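Asks: Pasting a structure below so you can have a look.
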Amino acid sequence: MAIQYFLRLLSQLFATFPCRTATVWKNLNPFWGEEYTLHLPTGFHSLSFYVMDEDTIGHDDVIGKILLSKDAIGAQAKGLDNWLNLTRVDPDEEVQGEIHLGLELLRDAKRIGLRCHFIEARDLAPRDISGTSDPFARILFNNHSAETSIIKKTRYPHWSETLELELETWELTEGGSVTVEVWDWDMVGKNDFLGKVEIPFACLHKTPLLQGWFRLLPLGNHEDDAGGKLGALRLKVRLVEDRILPSMYYQPLIDLLVESVISPAEVEDSSPLTMLEEVTTVESRQDVAMTLVKIYLGQGLVVPFLDYLSTREVNHTSDPNTLFRSNSLASKAMEQFMKAVGMLYLHEVLKPIINRIFEEKKYIELDPCKIDLNRTRRISFKGATSEAEVRESSVEMLQGYLSSIVESIVGSVTQCPPVMRVAFKQLHKRVEEQFPEPENEDVKYLAISGFFFLRFFAPAILTPKLFHLRDQHADTRTSRTLLLLAKAVQSVGNLGLQLGHGKELWMEPLHPIILCSVASVKDFLDKLIDIDQDMSEVPQRAVFLPSVTVKEGYLQKHKAEGPQLLSRFAFKKRYFWLSSETLSYAKTLDPWQVRSSIPIQCVCVVERVDENAFQQQHVMQVVAQDNDGQMHTIYIQCKNVNELNQWLSAIRKASIYNERMLPSFHPGAYRSGKWTCCLQTNRTTLGCSRSHSAVTLGDWSDPLDPDAETQTIYKQLLQGRDKLRSLNVTLESSVAMTTTGANVSRCQLLC
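Here the sequence shown stands for residues -21 to -1, 1 to 730, numbered as in mature numbering (1 follows the signal peptide of the UniProt record, and there is no 0).
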């Protein structure tokens, strides 16, 4: 059997899959190298990582899992980085959801007993092949038990039943617990466990009537790691927990950050940005850099910000050969800036060529030590393929690919975002001022090409999946081709100055085409910075502005009109645009197409939809309220779970300050006169599941969240207080923030 592994991450608060890695095909030692930022509510309890075997036909098989509690993750200040053995998946441990009940201890002259009012449950685990369950509940104490009726085909049962257990007087002094269990009834075979609640009997003596929502817990069986027989998974997980204050408390720090770049101090003077350079570690610098880029994008000052950092770095560099070669804040900020504003540009330039490489799957190898003649196709009909023929064929194909890449890049001046061009123009100016000598003529080009080619295009060529150029990782053969091309593109970015000085002399056949491209690259860089637009006029990615589209792409929209005999064919392809004002869609992205729009201020709920509602995966719903108070729901299908979570997060961020948000929703659809989730017949009945306002999956294209971004910077400065004091640097008193007033907690997981 061919093994194709992928990884899923599960949040145990509402048992949803926030993310899924790409599938690594036919490999027992898969490498993913993927990083996800998950935004989780503070009430989450644990995270589960499932290693799955993807099957083309039928359901995917679970190889094993790793369960990490919130406490275990949070106990590691710098995060968890370790190999962990996979454990077997025990169905009795795979529980989720909550139950709403009331428990009362009855003590009067006539009787002694326990009364349990079973009201409802929500978000139960699906145990049947249809994606639902047939739940019933049971109460147990000592040798007494009673059961509710069975509610078929739902994960949101409404019982509204009261059960009583008659107790003996001596049992009032007994210890132990009252147990409430939820089961899935099966006509054939044994029933499936859905979870339990245990309430110490002593609690009922103190509080005779207990009522509320209780989280369902697993049986508590000891998880066996199988001694490593199922394999192991290496994880790097870090939990960041913040308390976000109202915007007014962050304004003083924002003012200081803005002042740093509008009225920059002398190079040697301190500012909040120089303080951050001092207190950040190499590990945290990338996150801080991305946060700063987002803050200054939101303020419309990203170019002055980058210019400020670049000027400091250039002025502190005496050897031009070391300029921007370290992981300084300036280098990381420019790198994250290019990702934030240039991803669509990157896709336009590279995607056609990357797709061609993936489709052709050529065997390419230049290193004599790695040539495998058994993996090559016969090139000649005269006999077996020789090493020389493999190298000759590889050089020819690499030259073709490299020429296409270079031509696409050097011909993309007009496609490059103006804000990037202005930022590079400022960088070129600072480097030229610092190194005006004739022998340093190439330094001004290398400063730009080092970012453009070495930190932007080359990494995207090496790992297209991480830059969203492909949905899946490359196979072994294609990965090797991409690695060789990335090395060649790096040499192009270095203007061929280091050719012949490394250990990889077998790359020499590509040297002529690299050297020939130097002149065209320099000409491209000259044209790139030839822009007369003033910085104040450059459109920057301040995504909270109404005119800016923060996310767009093709999705499937459910056709609400007409007969719904075959619901799976009721989804039609539409192009969606999201701004902070509207969620709009049309048949195509052509400007003449009529767009339908939903005002963001009218959005009340943005949630997932159960698979059994339409027998389709990755469906979400957007519920909006019109001016007459009527609710309207639009169902949208995404192509995978990651895209689903990205759209959920983006729309939730855009509507985070809406006053009309609903506390509950229906995860199903209203069909055939009832809700598919809770089976209620009243279309306007209150939702059977809690709604969520938090974003889940972080992404480069996420809308800006100024309060959360500023909190991250404040936290860095606060953690570095001792170091700043030792350097005789003090924070401005205006940065200090009070912790009173309304606040919002946020958990962020980096894995």
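Glycine residues also receive a C-beta, built at the ideal position from the N, C-alpha and C atoms. Quick caveat: nothing in here was measured; it's all calculated off a predicted structure.
Report the residue from Trp164, Val167, Thr158 and Leu189 whose alpha carbon sits nearest the alpha carbon of Glu177.
Replies: Glu177 has its Cα closest to that of Thr158, out of Trp164, Val167, Thr158 and Leu189.
Asks: Residue ranges of each beta strand (DSSP E) run of no fewer than 3 residues wholly in the region 540 to 621, ordered along the chain?
Replies: Counting only runs of 3 or more, we get 550 to 557, 561 to 565, 575 to 578, 582 to 588, 598 to 604 and 610 to 616.
Asks: Helix, strand or coil, according to DSSP, for Gln413 in the structure here?
Replies: The answer is helix: DSSP assigns Gln413 an H, G or I state.
Asks: Count the other CB atoms, across all protein chains shown, that sit within 10 Å of the CB of Gln70; report buried if there are 16 or more and exposed otherwise.
Replies: Correcting the residue identity first, residue 70 is Pro in this sequence and not Gln. Pro70 should be labelled exposed.
Asks: Does the distance from the C-beta atom of Met376 to that of Lys341 stay below 8 Å?
Replies: Cβ distance < 8 Å, so Met376 and Lys341 count as in contact.
Asks: Take Arg456 and list the residues in its own chain whose beta-carbon comes closer than 7 Å to its own, dropping the five residues that flank it on each side.
Replies: Answer for Arg456: Lys340 and Tyr342, listed in chain order.
Asks: State buried or exposed for Gly207, treating a residue as buried only when at least 16 other CB atoms are found within 10 Å of its CB.
Replies: Gly207 comes out exposed.
Asks: Does the count of Cβ pairs from the region 614 to 633 and the region 529 to 538 closer than 8 Å reach three?
Replies: With a cut-off of 8 Å, the region 529 to 538 and the region 614 to 633 count as touching, because enough Cβ pairs lie within range.
Asks: Please work out which residues of its chain come closer than 8 Å, Cβ to Cβ, to Asn419, disregarding the five sequence neighbours upstream and downstream, and give them in chain order.
Replies: The answer, listed in chain order, is Pro299.
Asks: Which residues mark the beginning and the end of the beta strand (DSSP E) in which Asn219 is found?
Replies: At residue 219 the sequence reads Val, which differs from the Asn that was named. Val219 -> beta strand (DSSP E) spans Ala211 to Ile223.
Asks: Could you check how far apart the C-beta atoms of Val320 and Val385 are, in whole angstroms? I think they sit under 8 Å.
Replies: The Cβ separation is near 23 Å, so there is no contact.
Asks: Name the residue from Asp234, Val261 and Thr16 whose alpha carbon lies nearest to the alpha carbon of Tyr275.
Replies: Comparing Cα positions, the closest option is Asp234.
Asks: Consult DSSP for Trp11 and reduce its assignment to one of helix, strand or coil.
Replies: Of the three classes helix, strand and coil, the one that applies to Trp11 here is coil, per DSSP.
Asks: By the 10 Å Cβ neighbour count, where 16 or more other Cβ atoms means buried, how is Pro9 classified, buried or exposed?
Replies: Pro9 comes out buried.
Asks: Thr660 and Gly652 - do their beta-carbons sit closer together than 8 Å?
Replies: Contact: yes.
Asks: Output the distance between the C-alpha atoms of Ile130 and Gly110, rounded to the nearest integer angstrom.
Replies: Their Cα atoms are separated by approximately 15 Å.
Asks: Quick check on Val261: buried or exposed, where buried means 16 or more other Cβ atoms within 10 Å of its Cβ?
Replies: Val261 should be labelled exposed.
Asks: Take the Cβ of Val620 as the centre, count every other Cβ of all protein chains shown within 10 Å, and call the residue buried at 16 or more, exposed below.
Replies: When all chains shown are included, Val620 counts as buried.
Asks: Given a cut-off of 8 Å on the beta-carbon distance, is the pair Ser250 and Ser263 in contact?
Replies: Cβ atoms of Ser250 and Ser263: not closer than 8 Å.
Asks: Taking Val161 as the reference, which of Lys618, Asn170 and Gly154 has the closest Cα?
Replies: Measuring from the Cα of Val161, the nearest candidate turns out to be Asn170.
Asks: In chain order, what residues of the same chain have a beta carbon less than 6 Å from the beta carbon of Ile630, not counting five sequence neighbours either side?
Replies: Correct list, in chain order: Val585.
Asks: Taking 8 Å as the threshold, find out whether the region 287 to 295 comes into contact with the region 304 to 320 through three or more Cβ pairs.
Replies: Yes: the two stretches touch, three or more of their Cβ pairs being nearer than 8 Å.
Asks: Going by the DSSP bridge assignment, what does Val161 pair with across the sheet?
Replies: Answer is Ala116 and Gly174.
Asks: Following the continuous alpha helix (DSSP H) through Asp40, name the residue where it begins and the one where it ends.
Replies: Where Asp40 is concerned, there is no enclosing alpha helix (DSSP H), although the beta strand (DSSP E) it sits in stretches over Asp40 to Ser48.
Asks: In three-state DSSP terms, what is Asp684?
Replies: In the structure shown, Asp684 sits in coil (DSSP, three-state: anything other than H, G, I, E or B).
Asks: Would you mind working out which of Glu33, Arg409, Leu19 and Cys657 sits nearest Lys49, comparing C-alpha positions?
Replies: Among Glu33, Arg409, Leu19 and Cys657, the Cα nearest to that of Lys49 is on Leu19.
Asks: Could you give the C-beta distance for Ser373 and Glu338, rounded to a whole number, given that I count them as a contact under 8 Å?
Replies: Wrong, their Cβ atoms sit about 18 Å apart, outside the cutoff.
Asks: Does the beta-carbon distance from Leu381 to Leu214 come in below 8 Å?
Replies: Cβ distance not < 8 Å, so Leu381 and Leu214 don't count as in contact.
Asks: Counting only the same chain and skipping the five closest in sequence on each side, list residues whose C-beta sits under 6 Å from that of Asp346.
Replies: Excluding residues within five positions, the ones whose Cβ falls inside 6 Å are Trp485.
Asks: On the premise that Glu126 lies in contact with Phe115, defined as a C-beta separation below 8 Å, what is that separation, rounded to the nearest angstrom?
Replies: Rounded, the Cβ-Cβ distance is 6 Å, consistent with contact.
Asks: Within this structure, are the beta carbons of Phe97 and Glu140 separated by less than 8 Å?
Replies: Result yes, Cβ atoms of Phe97 and Glu140 sit closer than 8 Å.
Asks: Suppose you measure from the CA of Lys349 to the CA of Glu366; what does that come to, to the nearest Å?
Replies: Distance between the alpha carbons of Lys349 and Glu366 is about 10 Å.
Asks: Any idea what DSSP makes of Cys95, helix, strand or coil?
Replies: Cys95 falls in the strand class under three-state DSSP.
Asks: For Leu308 and Ala268, which I take to be in contact (beta-carbon distance under 8 Å), what is that distance rounded to the nearest angstrom?
Replies: About 6 Å separates the two Cβ atoms, so the contact holds.
Asks: How about Leu26 and Cys(-3): do their beta carbons lie closer than 8 Å?
Replies: Not in contact: Leu26 and Cys(-3) (Cβ atoms no closer than 8 Å).
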